[in-house]
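Heads up: the sequence shown begins at 2 in the working numbering, then just goes up one per residue. All C-beta atoms, glycine included, are put in the ideal place defined by N, C-alpha and C. Predicted model only: the values in this text are computed from it and were never measured. See below for the structure under consideration.
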Amino acid sequence: MPVGMDGRLSRETDVWSNWLRNHRYGGDADYERNVRSRVAVYVKRVLDGAKLWPGMTLLDIGAGEGAVGLAAIERLGARLRVVFTDISPALLRHAEALALCAGVVTQCKFLLTSAESMSPLAGASVDAVTSRAVLAYVPDKLAALRQCYRVLKPGGRISIGEPVFRDEALAACALGQVLAARPPDHSDRLMKLVQRWQAAQFPDTLEAIAQNPITNFSERDLVRFLQNAGFCHIHLEFHIDVNMAAPAPWEVFINTSPHPLAPTLAEIMATQFDAEERRFFKQAMSPVIESGERVCTERMAYVTAVKPYL
Ligand SMILES: C[S@@+](CC[C@H](N)C(=O)[O-])C[C@H]1O[C@@H](n2cnc3c(N)ncnc32)[C@H](O)[C@@H]1O
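See the structure below:
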């Protein structure tokens, strides 16, 4: 896994903004359209779960480019106020610019704060909380959900949509174990390179999986954390979608990564493959990637809950 795997901001880089604005799409307009249309479906589900109403204040945690909050304003119009929080100043500035362009900036507030702290927000100050693809990266998920509970008014709802990457990591781990058990002279050239690729993007030992915030939880843990934070009326929907991957040009595909903390395949090949391995890998894999003859599985947990009236 790359340096800076905790994803914290440094002066030099902001992994979050770089991924959301570059490595999610590999710099390709068609690929970007495809990703954005899938994200719009996730955002819609999160907003449906929040049960928005005019006049309310919505807090969107880890707002990124503002996908959830701006879609909420589009849905509800001028009578919705949205607080966007994030740990990335670059993304908050970008979301603010988008809100300005959309003519809705007076309805919005932008706060630099982590999900685990939320110190600028007073207790019982918002009517609903949303979060999409954020908790997966937060090391202390229970602390973040306790903050959500603190800032929500009694009766307020939380609606989250999180990717669950555990199975990807377990698959990388299993492949590593199978290859390690083969006799040394066994020819698994392609699979060894695939394993190197997977292990660079996901933790690939049981110990590393248990320690990494993106893989050390399941959808059921999200329910448990919400319960421990004090929420009631908890409802989980776990979606597994198995589809054929969209065909993508090789050069685009290798410049994408599956999550903000993973290096791109191009970076992995440059740093972990020698020239002959790069040539062999491209020859074997590019027809599969470019034809879309590849199964792609997405696992998303959607959870809603309510802060009880005590
Ligand atoms: C995959 S992006 C999702 C962005 C946005 N929610 C969306 O749906 O497009 C993850 C976001 O979480 C933010 N983030 C990561 N760790 C965070 C933390 N501890 N507290 C708050 N935000 C965090 C990142 O800056 C980034 O904007």
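Give the single residue among the options whose Cα lies nearest to the Cα of residue i.
i                 : options                        : result
proline 214       : Ala134, Ala103, Ala247         : Ala134
leucine 207       : Ala170, Ile88, Glu117          : Ala170
glutamate 294     : Ile255, Ala247, Leu262, Trp251 : Ala247
valine 40         : Tyr26, Ala51, Leu53, Lys52     : Tyr26
phenylalanine 274 : Leu194, Leu122, Val106, Gln148 : Leu194
leucine 60        : Ser126, Asp141, Gln228, Gln196 : Ser126
glutamate 299     : Ala285, Ser38, Phe166          : Phe166
isoleucine 88     : Leu112, Gly28, Cys102, Arg82   : Leu112
aspartate 15      : Arg80, Val47, Val69, Leu92     : Leu92
isoleucine 74     : Glu163, Arg183, Ala103         : Ala103
serine 118        : Ala96, Cys149, Arg221          : Cys149
serine 132        : Cys109, Leu99, Glu220, Gly70   : Gly70
arginine 94       : Arg80, Glu66, Leu81, Thr107    : Glu66
glutamate 220     : Asp168, Asp29, Met286, Cys233  : Asp168
leucine 146       : Leu101, Asn229, Lys110         : Asn229
alanine 68        : Val42, His240, Asp222          : Val42
valine 307        : Lys52, Ser38, Ala30, Arg46     : Lys52
glycine 162       : Ala30, Val47, Tyr32, Ala98     : Val47
leucine 321       : Cys233, Arg225, Gly28          : Residue 321 lies beyond the residue range present for the chain, which begins at 2 and ends at 311; the question has no answer from this structure.
For residue i and residue j, I'd like the C-alpha separation in whole angstroms.
i                 : j              : result
valine 1          : arginine 279   : The first residue shown for the chain is 2 and the last is 311, placing residue 1 beyond what the model contains.
isoleucine 290    : arginine 22    : 22 angstroms
valine 130        : tryptophan 198 : 36 angstroms
phenylalanine 254 : leucine 143    : 35 angstroms
proline 185       : glutamine 178  : 13 angstroms
serine 160        : leucine 136    : 12 angstroms
leucine 153       : glutamine 202  : 35 angstroms
leucine 237       : valine 304     : 4 angstroms
serine 115        : glycine 63     : 8 angstroms
proline 264       : serine 258     : 6 angstroms
phenylalanine 85  : arginine 76    : 16 angstroms
arginine 158      : glycine 124    : 14 angstroms
methionine 301    : glycine 78     : 28 angstroms
glutamate 252     : leucine 176    : 26 angstroms
proline 204       : isoleucine 210 : 5 angstroms
alanine 173       : alanine 249    : 23 angstroms
arginine 190      : threonine 107  : 57 angstroms
serine 11         : alanine 98     : Model confidence at serine 11 stands at a pLDDT of 37, short of 50, so the residue's coordinates are unreliable; what they give is reported in the following sentence. Answer to the nearest angstrom: the Cα atoms are 22 angstroms apart.
glycine 5         : tryptophan 17  : Note that glycine 5 scores a pLDDT of 38, beneath 50, so its modelled location is shaky and nothing firm can be said.
arginine 80       : valine 44      : 20 angstroms
valine 83         : leucine 122    : 13 angstroms
methionine 2      : arginine 34    : Note that methionine 2 scores 32 on pLDDT, short of 50, meaning its location in the model is unreliable; the coordinates nonetheless yield the value given after this. When rounded, the distance between both Cα atoms is 28 angstroms.
leucine 266       : serine 38      : 23 angstroms
phenylalanine 281 : isoleucine 269 : 15 angstroms
aspartate 7       : leucine 262    : Confidence at aspartate 7 is low in this model, with a pLDDT of 41, below 50, so its placement is unreliable and the value that follows should be read with caution. C-alpha separation (whole angstroms): 8 angstroms.
cysteine 297      : alanine 100    : 33 angstroms
leucine 223       : proline 90     : 27 angstroms
Helix, strand or coil, according to DSSP, for residue i in the structure here?
i                 : result
methionine 119    : coil
valine 241        : Residue 241 is actually isoleucine in this sequence, not valine. Reduced to three states, the DSSP call for isoleucine 241 is strand.
tyrosine 303      : strand
alanine 129       : strand
arginine 279      : helix
isoleucine 290    : helix
leucine 153       : strand
glycine 50        : helix
isoleucine 159    : strand
methionine 2      : Its pLDDT being 32, under 50, methionine 2 is placed unreliably in this model, and the coordinates cannot settle the point.
glycine 265       : A small fix is needed here, since residue 265 is threonine in this sequence, not glycine. Note: threonine 265 maps to coil in three-state DSSP.
valine 296        : strand
glutamate 13      : Reliability fails at glutamate 13, whose pLDDT of 34 lies under 50, so the model's placement of it is uncertain and the value that follows must be treated cautiously. Of the three classes helix, strand and coil, the one that applies to glutamate 13 here is coil, per DSSP.
aspartate 7       : Annotation note: pLDDT 41 at aspartate 7 (below 50); position unreliable, no value reported.
asparagine 256    : coil
tyrosine 32       : helix
methionine 57     : coil
phenylalanine 226 : helix
isoleucine 215    : coil
leucine 311       : coil
glycine 124       : coil
Chain D beta carbons: is any one of them nearer than 8 angstroms to that of residue i?
i          : result
alanine 96 : Judged by its chain identifiers, the structure shown contains no chain D, having just a single protein chain.
Based on the DSSP output, what are the partners of residue i in its beta bridges?
i             : result
threonine 86  : Ile62, Leu112
histidine 236 : Thr305
proline 248   : Its beta-bridge partners do not exist; DSSP assigns none.
proline 164   : Met301
Any heavy atom of ligand 2 closer than 7 angstroms to the Cβ of residue i?
i         : result
valine 36 : As presented, the structure is devoid of ligand 2, carrying ligand 1 as its sole ligands.
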